[in-house]
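Taken in order, the sequence shown gives residues 1273 to 1636; the numbers are from my numbering.
The structure appears right after this line, and notes come after that.
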Amino acid sequence: MDGAFILGTARCGSTLVSDILNQHPDILSLSEVFSTAASHALLPGKMNAARFWRGLAEPNPTGMLIGNPDEAPKEFLYGRVENPRHDPWRCPPLLAVALPHLTDRPDDLFDWLGEQVLRQPEQSSAAHYHDAFAALARRMGRTSWVERSGGSMTATRTLARLFPRARFVLLTRDGPDTALSMRDYPATRYAIHMEHRLRRLGLDLLHPDRHYGRARFWPWLERLGSLVPQQPLLDRQPDVAMAGGFWARMIRQGVEEFLHLPEGRRMYLSYEALVREPEAQIARLGRFLTGSAPEGWVAKAARLPQPRPSRAAALPEAERQRLEAACAPGTRALAALQRDHLPFQTGSRFSAKARAPSSWSSEE
């Protein structure tokens, strides 16, 4: 079964894209599977099914800190479930966002998926994910799946290696506006602070090969960090320059890795283009992912994108200039990417004939 990933920095419009894809009749749209698995998301090596399932089923310190009804009431969908079987403040990562996005009975779907996963053999995490996603897609009557996690741009190299048949959509949004939104959102605010602190210790949260969720030392650091009060990091907004620099580092690294992907496996989409011409961009997205863009889906989904005023433009002049200066390296990388992809922003370059083979394999 074919799979794909939406790559982004977080706060770049990826939730909107997930909602658009969720209406496609053939696509299973999965939200925040990797981000809620936190430090266990993409660990290397083979593992048995029980160990893999623990990463999706057992509450983790990061999830309990930032993924709960108090800190993320809009995005944390399990907090809205009537009569939940699990404590919303200590729920399984997979129940936080992903499964309530698919059904109004997420606990039942969680139990069913656990039974499927625990039958899987010892294999890589990528193979476990692929089997689990494919099982979910079949259960929901879909023929392909697309996963979207905030900050997944950092894992571009890892995902490309682990899922060599997958397709990738890079979604970006204006840097200063994205950075301001990241500064205000608990999960990304926490990531900005942690990246800044860890970098001073010689640890790179965004490293293309040892990023958070990939290297084996992250679960250990996560447990160690949980012994120290973390709430102050959530309560304190980072400086605009710190937020802008974080966005710029993600963009520069992510664009470089994205351009290393085979041309037939990648598509670039800007949030601004999606809002400006939703029907054309949604049709283009559907054709790239599945080879088809049903007219009914395009028409319905095109009502979702709505223009928003720029928050960065409303900042005091001095603060706006500091933010723009911090974002500048990423802005330049993004401008170069957009120039290269300009001829295809409104076209239908990716047709059904350009689809990758449906066979799948993973590499560790």
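All C-beta atoms, glycine included, are put in the ideal place defined by N, C-alpha and C.
The structure presented is a predicted model; accordingly, all values stated were derived computationally and were not measured.
What is the DSSP secondary structure of residue i, reduced to helix, strand or coil?
i            : result
residue 1535 : helix
residue 1319 : strand
residue 1418 : strand
residue 1602 : helix
residue 1568 : helix
residue 1279 : strand
residue 1579 : coil
residue 1626 : Low local confidence applies: a pLDDT of 36 at residue 1626 is under 50, so the model's placement there is unreliable, with the coordinate-based value given in what follows. In the structure shown, residue 1626 sits in a helix (DSSP, three-state: H, G or I).
residue 1473 : coil
residue 1462 : helix
residue 1273 : coil
residue 1452 : helix
residue 1587 : coil
residue 1370 : coil
residue 1607 : helix
residue 1365 : helix
residue 1597 : helix
residue 1574 : coil
Does the distance from the CB of residue i to the CB of residue j come in under 8 Å?
i            : j            : result
residue 1292 : residue 1554 : yes
residue 1438 : residue 1275 : yes
residue 1421 : residue 1530 : no
residue 1339 : residue 1313 : no
residue 1324 : residue 1431 : no
residue 1319 : residue 1397 : yes
residue 1526 : residue 1598 : no
residue 1639 : residue 1380 : Not covered by the structure: residue 1639. The range shown for the chain is 1273 to 1636.
residue 1569 : residue 1295 : yes
residue 1591 : residue 1512 : yes
residue 1386 : residue 1459 : no
residue 1498 : residue 1333 : yes
residue 1442 : residue 1279 : yes
residue 1373 : residue 1416 : no
Under 8 Å by Cβ, that's how I've got residue i and residue j pegged, so tell me the actual separation to the nearest angstrom.
i            : j            : result
residue 1267 : residue 1308 : A question about residue 1267 goes unanswered here, because the residues of the chain that appear run from 1273 up to 1636.
residue 1316 : residue 1488 : 7 Å
residue 1222 : residue 1419 : Outside the shown range of the chain (1273 to 1636) lies residue 1222, about which nothing can therefore be said.
residue 1576 : residue 1288 : 6 Å
residue 1519 : residue 1413 : At roughly 38 Å, the Cβ-Cβ gap does not stay under 8 Å, so residue 1519 and residue 1413 are not in contact.
residue 1540 : residue 1613 : 4 Å
residue 1427 : residue 1483 : 6 Å
residue 1461 : residue 1509 : 7 Å
residue 1537 : residue 1440 : 6 Å
Contained alpha helix (DSSP H) runs [length at least 4] in the region 1475-1560, N- to C-terminal order: 1489-1497, 1503-1507, 1512-1531 and 1543-1548
Runs of alpha helix (DSSP H) lying entirely within the region 1288-1361, each at least 4 residues, in chain order: 1305-1309, 1321-1329 and 1333-1338
Complete runs of the alpha helix (DSSP H) confined to the region 1372-1447 [at least 4 residues]: 1378-1389, 1397-1411 and 1428-1434
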